[in-house]
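Enquirer:
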Amino acid sequence: AGVPAVRTCPKLHLSLENGQVTPGAMERVPVEGSWAEFRCDPGFRLVGVARSNCTKS
């Protein structure tokens, strides 16, 4: 029995047009258990939730 593989999440969710993404609990790649918070630039409004969690699907 070996070490279980760490599942990564798509980096697509780490960019936001007209805003910023602040990653949390991750190093170089988003993995299960990490999260990201989204914030818009002045003059823009966020549609959807401001935080996304990386979980098993």
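Here the sequence shown stands for residues 1 to 57, where the numbers follow full-length UniProt numbering.
Heads up, the beta-carbon is just placed ideally off N, CA and C, and yes, glycines get one too.
Quick caveat, the model's predicted, so the values are computed rather than measured.
(1) Could you please give the first and the last residue of the uninterrupted beta strand (DSSP E) stretch that includes asparagine 18?
(2) Check this for me: beta carbons of serine 15 and alanine 25, under 8 Å apart or not?
(3) Starting from glutamate 37, trace the beta strand (DSSP E) in both directions and tell me its first and last residue.
(4) Among the residues of its own chain, which have a CB less than 8 Å from the CB of aspartate 41, if the five just before and after it don't count?
(5) So, are the CB atoms of glutamate 37 and threonine 22 less than 8 Å apart?
Expert: On the basis of the data shown:
(1) On the sequence shown, position 18 is the one that residue 18 refers to. Here asparagine 18 belongs to no beta strand (DSSP E), and DSSP marks it neither H nor E.
(2) Here the question's residue 15 lines up with position 15 in the sequence shown. Here the question's residue 25 lines up with position 25 in the sequence shown. Not a contact, by the Cβ cut-off of 8 Å.
(3) Position 37 of the sequence shown, counted from the first residue, corresponds to residue 37. 35–40 is the extent of the beta strand (DSSP E) around glutamate 37.
(4) Along the sequence shown, one-based indexing puts residue 41 at 41. Closer than 8 Å at the Cβ level, and outside the excluded window around aspartate 41, lie Asn18, Gly19 and Gln20.
(5) Mapped onto the sequence shown, residue 37 falls at position 37. Mapped onto the sequence shown, residue 22 falls at position 22. For glutamate 37 and threonine 22, yes; Cβs fall inside 8 Å.
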